[in-house]
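Since the structure comes first, as structure tokens, the remarks are kept for the end.
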Amino acid sequence: MPKGDRMNQEDKLIDGKIVSNQVKEEVREETEKLIARGIKPGLIVVLVGEDPASAVYVRNKSKACEKAGIVSETIKLPEDTSEEDLLNLIEQLNKDPQYHGILVQLPLPDHINETKVIELINPLKDVDCFHPVNVGKLVSGQPYVLPCTPAGILRLLQANDISTEGKHVVIIGRSNIVGKPLANLLIQKSPQANSTVTVVHSRTKNIAHYTRQADILIAAMGTANFVTEDMIKENVVIIDVGINRVSADNEKGYILAGDVDFNNVLPKVSKITPVPGGVGPMTIAMLLKNTLAAAEYQESK
Ligand code: GUN
385 MPKGDRMNQE DKLIDGKIVS NQVKEEVREE TEKLIARGIK PGLIVVLVGE
435 DPASAVYVRN KSKACEKAGI VSETIKLPED TSEEDLLNLI EQLNKDPQYH
485 GILVQLPLPD HINETKVIEL INPLKDVDCF HPVNVGKLVS GQPYVLPCTP
535 AGILRLLQAN DISTEGKHVV IIGRSNIVGK PLANLLIQKS PQANSTVTVV
585 HSRTKNIAHY TRQADILIAA MGTANFVTED MIKENVVIID VGINRVSADN
635 EKGYILAGDV DFNNVLPKVS KITPVPGGVG PMTIAMLLKN TLAAAEYQES
685 K
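Mapping of the sequence shown onto this note's numbering: residues 385 to 685, in sequence order.
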């Protein structure tokens with residue numbers, strides 16, 4: 385590839401590591417101030433089962449907390465943990481003043497009702513913004529904390545001077561973790577949002593008809609390399625939320641791939657997030673921010 389072309393392609397990258405480090409540094413400084421006042425923010429992470437990808441995410445969350453000065457403990461429970469035992473644990477954690485944030489890593493094993501678990505978490509400790517009270521506050525424009533991945537995406541766009549105002553944002557995927565809360569954030573009446581939003585999903589007829597209209601395309605449905613160059617318009621901004629393990633003939637036995645076929649779309653986009661190193665680090669940084677905010681709020685009462 386000629387040198388000029390390579391430079392051009394690097395200019396297109398939206399680097400999540402740079403922006404997440406900025407957020408983490410802000411959190412570290414604020415945490416230091418809080419600790420000086422005798423308050424140590426704490427996060428408890430609960431992991432049920434052996435899903436290897438979840439184990440990696442949880443370890444990364446815990447490491448990032450430590451670096452920022454936030455106390456972080458992880459409780460690992462076996463796959464066959466009963467729903468009742470998990471609910472009892474949540475009740476205990478709700479009462480434990482050491483922990484300002486409770487994060488139950490999803491997905492949970494099939495025999496545990498996720499909704500029941502989420503609804504039992506004290507909304508003030510719900511640093512994921514999954515509890516219906518906090519989802520309601522978000523939708524009505526009075527958020528307690530913002531959902532981590534959607535807030536990370538908005539911060540990433542802002543840091544790269546990409547305005548969402550008046551833009552047509554097309555989101556692929558309607559999950560409670562990304563698609564739905566992100567759509568709710570982007571339609572808010574605020575200079576950081578003010579988008580026209582279309583959400584497409586597995587039952588949408590002719591997804592490409594919609595994705596081709598996107599000024600900003602956000603892929604969050606969990607299918608490796610789904611978005612290809614025929615599905616986008618020239619100069620679109622692409623945010624790739626997918627982290628998919630694709631079998632490969634290497635030491636690990638897999639490589640990570642996004643929901644977007646990166647090399648295929650690259651010549652046509654104006655900006656794009658890589659996988660890894662795009663949205664992933666932002667999710668963790670926003671979790672730290674939420675834990676700090678939850679600690680400040682709970683300790684001010
Ligand atoms: N599983 C995948 N992403 C998330 C997240 O942001 N929070 C929790 N609790 N579980 C997840």
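For glycine and all other residues, C-beta sits at the position ideal for the given N, C-alpha and C. Keep in mind it's a predicted model, so treat the numbers as computed, not measured.
- The secondary-structure analysis by DSSP pairs I561 with nothing; it has no beta-bridge partner.
- The C-alpha of S404 lies about 30 Å from the C-alpha of P493.
- Using a Cβ-Cβ distance cut-off of 8 Å, the stretch 529-547 and the stretch 644-664 are in contact, since at least three pairs of beta carbons, one from each stretch, lie closer than that value.
- Distances taken from the Cβ of D512 to the heavy atoms of ligand 1 include one shorter than 7 Å.
- Judged by their CB atoms, K445 and I627 are not nearer to each other than the 8 Å cut-off.
- Taking each of D464, C449 and E463 in turn and checking the Cα distance to E457, the smallest one comes out for C449.
- Using a cutoff of 7 Å, the CB of C532 counts as near ligand 1, since one of the ligand's heavy atoms is closer than that.
- One thing to note: A641 has its Cβ no nearer than 8 Å to the Cβ of M615.
- Here the alpha carbon of I459 sits roughly 28 Å from the alpha carbon of K417.
- Linking F610 to T595 through their CA atoms gives a straight-line distance of about 12 Å.
- Distance from the CA atom of S559 to the CA atom of D624, rounded to whole angstroms, is 15 Å.
- Straight-line spacing of the CA atoms in P507 and L471 works out to 15 Å.
- Distance from A604 to V562 at the Cβ level is roughly 4 Å; contact confirmed, criterion being Cβ atoms closer than 8 Å.
- In this structure, the C-beta of L601 stays at least 7 Å away from each heavy atom of ligand 1.
- Spanning the alpha carbons of E503 and I622 requires a straight line of approximately 33 Å.
- In this structure, ligand 1 has a non-hydrogen atom nearer than 7 Å to the beta-carbon of I561.
- The stretch 418-425 makes no contact with the stretch 462-471: fewer than 3 CB pairs, one atom from each, lie closer than 8 Å.
- At least one heavy atom of ligand 1 lies less than 7 Å from the C-beta of T667.
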